[in-house]
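A.B. asks: One structure, pasted below without further comment.
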């Protein structure tokens, strides 16, 4: 049950090491705190191994990557693997530049991930080695719809089987799959795409969830994805006439802060395939 | 008409490449989304040319510049010029250190800008090669007033003629000028100066506007400047007794999100000289 | 009286140079503006001396430090010392990695600080040369309680005597001490620990306070600590049922913005020992 996943985050308060972009880093830290975990950001090559050692899980996000931080990502990822810490990859913009595609591919080769979370274009890029990601947004041609849903689920399961990671493809319909089983999640609100970093925030929160639920990365990731979408719904009900995307951003994090395990259990809309 | 400028942003949803400072980057991303465009931030030398190629316009902001990002700014700027993409310069703090003054001057020499937006001290520094910018704020001695307005307009037109860029000097009175024509804009609220990054946000949004209105950079920039100021007015009407600069920051971005082309047309206060 | 400390910030509007982490930098800038001062962020080795020269005070925060910025911190710190500008150190995560512990120790050796502000684990690490900081949070074993308060006050005074800096140890009970005298401050709200960066914000604001009150760093630091805690209390009274940590973050900065010297004087809860 999804509610246990959130309960365990609140009980265990995992410490999460983040190597993440400077655009959305503050929101990532606040959403990790909102769900009951604790964030630390550290990206210098000379400390990432030590920092990842004192943490329970590692979140690697390649937005605003650079030469210096790419080296740190690889080093931290390998160390976390050694220690059996869960590692989450957010391949922001894979497919939008060779540097991002190559870095994501290299990370995938050298680090074992518990969860890979991205939009459909980013995940396709990782699976196929090239892609047509539109900046940091999915290409419209790639969109997950009711029509291609079975096909995308099969793709996600196959990529999960190949990588050993839970694959989380998020968009209007979210798919969270391991090799055997997929959650199709229908939480969320279209207005979420008018905020920068809901994806980054979700990856950060997912790291907290899989760190607190190490025996069950699939359900943990599904719970995080569902919680984010449900928070988007709850936050949307609060919007006054003058509120826009900036207030909405705050309200989503607030909704995670106030979400009880029971609220998540009742609010989650998904089927398992 | 200014309203068409905003209409075109909402219709074309331009993708904007930002090389910008880490202080206000999140607000820049959210205001670009609020006006209907889409942001991507990327500053590594090995990807900036590719990222700028998939985007429609480029925003270069020199706040928190460093050796690594200066090289990226030059590379991205030249590539954008090759592709005829609009490029906006925000010379944050030019005049406050030699590094900033020299970097802004070098950018001006090697890259052709569609718009240069800064406070009066920053723009004077660019025009004269040195200045007395007080950190990231204009020097009081430079202040634009009703008394020196004609003189400043003449200065802005001359600098526009010299650089080929639209010059946007923002402050209590905003001046947006090309070589021939100047908009004097009287939107805004004094409390905007108690928020970090309203200038950075405006430069980011201006890039979206000029990218969506490439035939008309002067009116596009004037529309962005007016929209920002008007958003500051609208947001101010919402402030409750306990609200301060942090809520005000959110409300301004919200106001851009909710601004219709008609609202902008009616709310804009300007004369053309 | 604490109120004079805030009055002087509002009157003198000091310009504060910040070399700080990219996680909480935007909130640091906004809280500096909220208290009436003006921020500039600059971390390139080639401009930090010049930037610190035009400012009144310097805030060094080692969160997300890296090789490049460590060199800048040392350079800026020494220059500020030369100019007799107050310098504040926030040793974020000292004790969590060797890099952070060594950097903080090196800064302490080469730069004279007016104030050092951290949690108890970070300050113990600085005093003892090693520690057990839990990421960016204090180790539970180190917690300041009514039982060990006298002992911690003695420790703070001794460390103040050794370093010549005012020592600010913040947590449920805050201690601000020089060699002779300690303020025990009981402002604040437990929910403040669910927001990222209240510590960073406090260090930034403390720099503004000590810069505007150079003859009285002890009382200036105590006033900043008390203002932050009191803002946390005021902001908490505003929280609606759906508000969480993200709105709370905004409300705290808002509360600083709206805090008059008299409100601070009346709201401050402290004893001097």
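Protein chains in written order, with the working numbering: chain E, 1 to 273; chain B, 1001 to 1273; chain P, 2001 to 2273.
Note that the Cβ used here is the ideal one computed from N, Cα and C, for glycine as well.
(1) Using a Cβ-based criterion (distance less than 6 Å to any ligand heavy atom), does residue 2177 of chain P qualify as near the ligand SAH?
(2) Mind checking which residues open and close the beta strand (DSSP E) that includes residue 2041 of chain P?
(3) Can you name the residues of chain E whose CB is closer than 8 Å to the CB of residue 1055 of chain B?
(4) For the alpha helix (DSSP H) containing residue 2257 of chain P, list its first residue and its last residue.
(5) For the stretch 93-156 of chain E, list the beta strand (DSSP E) runs that are entirely contained and at least 3 residues long, ordered along the chain.
(6) Going along the stretch 2079-2101 of chain P in order, which residues come within less than 8 Å of chain E, judged by CB to CB distance?
(7) Since residue 2046 of chain P meets chain B, which of its residues come closer than 9 Å, beta carbon to beta carbon?
(8) Please state whether the Cβ-Cβ distance between residue 1197 of chain B and residue 1024 of chain B is less than 7 Å.
(9) Can you give me the C-alpha to C-alpha distance between residue 1070 of chain B and residue 157 of chain E, rounded to a whole angstrom?
(10) Rounded to the nearest angstrom, how far is the Cβ of residue 6 of chain E from that of residue 261 of chain E, given a contact under 8 Å?
(11) Excluding the five sequence neighbours on either side, which residues of its own chain have a C-beta within less than 6 Å of the C-beta of residue 207 of chain E, listed in chain order?
(12) Any beta-carbon of chain B closer than 7 Å to the one on residue 228 of chain E?
(13) By how many angstroms is the C-alpha of residue 151 of chain E removed from the C-alpha of residue 1966 of chain P?
(14) Can you tell me which of P:2204, P:2215, P:2264 puts its alpha carbon nearest to the alpha carbon of residue 2229 of chain P?
(15) Report the residues of the stretch 1243-1273 of chain B with a CB closer than 8 Å to any CB of chain P, ordered along the chain.
(16) So which of B:1217, B:1117, B:1251 has the shortest CA-CA distance to residue 1168 of chain B?
(17) My output table needs one value for residue 1063 of chain B: the three-state DSSP class, helix, strand or coil.
(18) Could you confirm whether any beta carbon from chain E is found closer than 7 Å to the beta carbon of residue 1238 of chain B?
(19) Decide if residue 2148 of chain P is buried, meaning its Cβ has at least 16 other Cβ atoms within 10 Å, or exposed.
(20) Quick test of the definition: if touching needs 3 or more C-beta pairs under 8 Å, does the stretch 2062-2077 of chain P touch the stretch 1113-1128 of chain B?
(21) Using a Cβ-Cβ cut-off of 7 Å, state whether residue 2194 of chain P counts as contacting chain E.
(22) Could you please tell me which residues of the stretch 2007-2026 of chain P, in chain order, have their CB closer than 9 Å to any CB of chain E?
(23) Do you know offhand how far residue 2045 of chain P's Cα is from residue 2235 of chain P's?
(24) Going by C-alpha to C-alpha distance, which of E:145, E:199, E:8, E:123 sits closest to residue 155 of chain E?
(25) Within the continuous alpha helix (DSSP H) that includes residue 2017 of chain P, where are the two ends?
(26) Do you know offhand how far residue 120 of chain E's Cα is from residue 82 of chain E's?
(27) Could you name the residues that DSSP lists as bridge partners for residue 1058 of chain B?
(28) State the Cα-Cα distance for the pair residue 73 of chain E and residue 61 of chain E, rounded to the nearest angstrom.
(29) In chain order, what residues of the same chain lie with their CB nearer than 7 Å to the CB of residue 22 of chain E, ignoring the 5 residues before and after it?
(30) Return yes when the Cβ of residue 2027 of chain P is within less than 7 Å of the Cβ of residue 1247 of chain B, no when it is not.
(31) Note down, one range per segment and in chain order, each beta strand (DSSP E) of at least 3 residues found wholly within the stretch 156-244 of chain E.
(32) Could you tell me whether the Cβ atoms of residue 2268 of chain P and residue 2099 of chain P are closer together than 7 Å?
(33) I'd like to check one pair, residue 1048 of chain B with residue 1212 of chain B: are the Cβ atoms closer than 7 Å?
(34) Can you tell me whether residue 1134 of chain B is buried or exposed, with buried defined as 16 or more other CB within 10 angstroms of its CB?
(35) Decide if residue 1243 of chain B is buried, meaning its Cβ has at least 16 other Cβ atoms within 10 Å, or exposed.
(36) Are residue 2159 of chain P and residue 2204 of chain P touching if we call contact CB-CB under 7 Å?
C.D. replies: On the basis of the data shown:
(1) Here there are no bound small molecules, and the ligand SAH is not part of this structure.
(2) Per DSSP, residue 2041 of chain P belongs to the beta strand (DSSP E) from 2038-2041.
(3) 135
(4) 2245-2258
(5) Positions of the beta strand (DSSP E) runs, each at least 3 residues long and wholly inside the stretch 93-156 of chain E, are given as 115-118 in order along the chain.
(6) 2093, 2096, 2097, 2098, 2099, 2100
(7) 1066, 1067, 1097, 1098, 1099
(8) yes
(9) One C-alpha to the other measures close to 43 Å.
(10) 5 Å
(11) Result list for residue 207 of chain E: 16, 57, 59, 88, in chain order.
(12) no
(13) Here chain P comprises residues numbered 2001 to 2273, so residue 1966 of chain P is not present and cannot be evaluated.
(14) When the alpha-carbon of residue 2229 of chain P is set against those of P:2204, P:2215, P:2264, the nearest one is in P:2264.
(15) 1243, 1244, 1245, 1246, 1247, 1249, 1250
(16) Per the C-alpha coordinates, the member of B:1217, B:1117, B:1251 positioned closest to residue 1168 of chain B is B:1117.
(17) coil
(18) yes
(19) exposed
(20) no
(21) yes
(22) 2021, 2022, 2023, 2024, 2025, 2026
(23) For the pair residue 2045 of chain P and residue 2235 of chain P, the Cα-to-Cα distance works out to about 38 Å.
(24) E:123
(25) Boundaries for residue 2017 of chain P: no alpha helix (DSSP H) harbours it, while the beta strand (DSSP E) harbouring it runs 2015-2019, taken from the DSSP string.
(26) 30 Å
(27) B:1017, B:1087
(28) 9 Å
(29) 64
(30) Cβ atoms of residue 1247 of chain B and residue 2027 of chain P: not closer than 7 Å.
(31) 166-169, 174-177, 182-185
(32) no
(33) no
(34) Its Cβ being crowded by 16 or more others within 10 Å, residue 1134 of chain B is buried.
(35) buried
(36) no
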